[in-house]
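Next up, the structure:
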């Protein structure tokens with residue numbers, strides 16, 4: 061094969077056994093890499109296990125774009141069965157680890173079992189060691205990475221967990237490069253459950269490529285197109301932080317646990333405020349449009365910000381000072397916690413205190429209280445810290461009130477408040493990992509289709525539409541964002557933010573692999589991955605599955621925005637149901653949201669049918 065090694069490195073921490081598995085060109089071409097390879101491994105090998113048991117498998121998966129000079133192709137997918145949701149869990153991050161994993165001669169690393177004592181893995185091409193990490197256990201991710209670089213040199217890729225992963229916080233993440241995180245649904249907790257503190261990789265091999273000259277030509281052309289984009293200068297200034305102003309203007313900024321869509325202090329935490337505070341920028345490997353804007357926080361320490369962590373740790377907590385938000389973000393990164401789930405979990409606690417459901421805890425706007433709770437969560441200290449470490453779904457179950465629990469399938473909602481955005485609510489409802497925006501950031505299109513002229517009343521009426529084009533648009537974006545980019549594995553931002561033509565991607569893929577993919581081929585591969593992920597959820601839930609699993613949070617149906625021209629507006633449950641039915645129809649899934657037999661056969665997933673028929677009836 062060209063472009064793929066066809067090799068997976070497997071490490072069993074229980075036995076210490078290390079082996080290399082070869083996989084077929086057919087698997088490579090059908091599932092491409094990244095998320096595709098990860099879900100195939102999980103489907104085949106991780107069945108009905110406790111996510112925090114040694115039987116779960118932690119997968120670090122690369123794609124054909126990785127380790128090569130492709131536009132923003134420095135991403136890696138980290139996947140496992142999720143301890144937060146009980147279903148499929150993954151996330152991607154930009155890291156030199158993906159470059160070195162590929163240059164070491166592997167397309168993926170699969171870790172299983174559990175070490176008796178804390179360890180880290182060191183991979184140098186074909187030489188693989190399992191080494192003691194007892195001196196690193198308990199340390200934050202920043203110090204862990206610095207110490208490992210002192211030992212192994214600067215030219216390595218490092219993935220690590222912090223105290224949150226060690227203490228099995230259900231939304232602990234895997235960290236790299238002091239600000240890059242992967243695996244919102246608890247991939248860091250899975251890593252911690254295996255007593256695995258870090259993975260260090262050094263690779264020196266040349267990746268086999270079908271057409272080096274064409275790859276070089278196309279890459280140079282794409283990089284230049286990015287630099288020449290009219291939107292590039294503004295992107296360099298603010299990156300994703302421009303979304304603070306935009307969501308606030310459109311009543312979509314999460315405010316005080318998603319009670320409202322506008323924040324009175326939005327100007328104090330937006331991209332313009334960031335511009336005045338910024339001290340440096342960081343980017344992922346092979347990226348020429350870095351999004352990592354670093355500021356000094358209220359304690360004078362560096363913190364790398366983007367929109368999601370500012371929205372959920374800022375306006376969502378009623379905190380309107382960017383240097384305080386930055387401190388919460390730094391703590392999350394150093395402790396190895398997902399900033400989104402952390403912000404939503406603390407926001408839930410704050411509202412529970414406000415409602416009298418909890419006797420003690422921070423309230424909205426309380427930075428010191430939020431900071432203390434964040435640290436208590438990471439170490440599972442005290443009753444409240446241990447409680448909030450479980451995530452919003454479990455907290456709501458314990459309190460007996462899920463009316464203000466902002467999650468889907470157990471994963472906390474990211475930074476787009478969707479009282480008046482049915483398509484974005486559908487994107488959250490049907491995301492393959494729970495309430496995440498990365499697979500179908502449809503809200504920009506949804507806002508763009510609303511008229512900018514006319515009276516506010518007409519705008520309200522038009523904006524909250526439930527037309528069949530909305531499910532179709534969600535699927536289109538899922539095929540690209542959650543399919544193509546997650547399989548390659550590459551960053552979406554050159555396309556989304558500065559308009560890099562999508563046509564570069566199949567051409568680059570052909571130059572790398574020698575395989576000519578049409579857009580129909582790529583869409584089918586994306587649909588195959590989505591259907592297999594959905595089948596995995598259904599199997600792991602033992603067939604106890606219905607369409608309510610794809611509903612957004614109750615709050616968006618029963619409450620309304622608290623201020624502005626859209627005051628009182630919220631989603632209509634029956635009309636949302638109609639959107640969901642249309643989504644299922646277009647995907648070839650039944651009214652429960654389970655892929656039909658015919659669909660599975662069309663996608664080459666016949667092997668799924670007998671497994672699913674053990675737990676439910678297929679239509």
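In this note's numbering, the protein residues as written are 61 to 679. Think of the CB as a built atom: it goes at the ideal place given N, C-alpha and C, for glycine as much as any other residue. Keep in mind it's a predicted model, so treat the numbers as computed, not measured.
query: Pull the bridge partners of residue 135 from the DSSP assignment, please.; result: 154
query: Curious, which full-length alpha helix (DSSP H) runs of at least 4 residues does the region 239-267 contain?; result: 247-253
query: Considering only C-alpha positions, which residue in the set 419, 170, 151, 93 is nearest to residue 471?; result: 151
query: Do you know whose CA, among 116, 117, 134, lies nearest residue 123's CA?; result: 134
query: Kindly give me the distance between the Cβ atoms of residue 643 and residue 482, rounded to whole angstroms, as I take these residues to be in contact under 8 Å.; result: Actually they do not touch by this definition, with Cβ atoms about 11 Å apart.
query: Here's the rule I'm using: 16 or more other beta-carbon atoms within 10 Å means buried, otherwise exposed. How should residue 360 be labelled?; result: exposed
query: Roughly how many whole angstroms lie between the Cα atoms of residue 73 and residue 355?; result: 39 Å
query: Mapping DSSP to helix, strand and coil, what is residue 72?; result: strand
query: Spatial neighbours of residue 346 within its chain, please: C-beta separation below 7 Å, excluding the five flanking residues on both sides.; result: 129, 130, 132, 133, 134
query: Mark residue 126 as exposed unless 16 or more other C-beta atoms lie within 10 angstroms of its C-beta, in which case mark it buried.; result: buried
query: Could you give the uninterrupted runs of the alpha helix (DSSP H) lying entirely in the region 283-313, keeping only those of 4 residues or more?; result: 292-298, 303-309
query: Can you give me the C-alpha to C-alpha distance between residue 231 and residue 450, rounded to a whole angstrom?; result: 8 Å
query: Candidates 103, 78, 76: which alpha carbon is nearest residue 591's?; result: 103
query: Measure how close the beta-carbons of residue 139 and residue 157 come, nearest whole angstrom, since I'm counting them as under 8 Å.; result: Incorrect: roughly 14 Å between the Cβ atoms, too far for contact.
query: Could you check if residue 679 is buried or exposed, using at least 16 other CB atoms within 10 Å of its CB as the buried criterion?; result: exposed
query: Nearest-angstrom Cα distance between residue 23 and residue 100?; result: The requested residue 23 is not part of the displayed model; the chain covers only 61 to 679.
query: Jot down the residue ranges of each uninterrupted beta strand (DSSP E) in the region 160-229, minimum 3 residues, whole runs only, in chain order.; result: 168-172, 179-184, 187-192, 217-220
query: Taking just the CA atoms, how far does residue 403 sit from residue 665?; result: 38 Å
query: Residue 483 lies in the alpha helix (DSSP H); which residues open and close that run?; result: 482-490
query: CB residue 494 to CB residue 145, shorter than 7 Å?; result: yes
query: Give every residue of the same chain whose Cβ lies closer than 7 Å to the Cβ of residue 641, excluding the five residues on either side of it in the sequence, and list them in chain order.; result: 651
query: With a threshold of 16 other CB atoms inside 10 Å of the CB of residue 598, please say whether the residue is buried or exposed.; result: buried
query: Report the rounded CA-to-CA distance for residue 625 versus residue 506, giving the unit in angstroms.; result: 18 Å
query: So residue 364 is in the beta strand (DSSP E); what residue range does that whole segment cover?; result: 362-365
query: From which residue to which residue does the alpha helix (DSSP H) around residue 433 run?; result: 427-439
query: My parser needs the alpha helix (DSSP H) runs of 4 or more residues fully inside the region 358-407; what are they?; result: 367-373, 382-395
query: Which of helix, strand or coil does DSSP assign to residue 29?; result: Because residue 29 is not part of the residues shown, which for the chain are 61 to 679, the question remains open.
query: In whole angstroms, give me the CA-to-CA distance for residue 662 and residue 581.; result: 12 Å
query: In its own chain, which residues sit with a C-beta less than 6 Å from the C-beta of residue 538, not counting the 5 before and 5 after it?; result: 499, 500
query: Can you have a look at residue 202 and say buried or exposed, based on whether 16 or more other CB atoms are within 10 angstroms of its CB?; result: buried
query: Quick one: what's residue 649 bridged to in DSSP?; result: 655
query: Identify whether residue 328 lies in helix, strand or coil by the three-state DSSP scheme.; result: helix
query: Mark residue 300 as exposed unless 16 or more other C-beta atoms lie within 10 angstroms of its C-beta, in which case mark it buried.; result: buried
query: Hey, out of 340, 310, 609, 115, whose CA is closest to residue 322's CA?; result: 310
query: Per DSSP, which residues does residue 471 bridge with? Please list them.; result: 468
query: Residues in the same chain with beta-carbon distance under 7 Å from residue 185, minus the five sequence neighbours each way, listed in chain order, please.; result: 164, 165, 263, 264, 265
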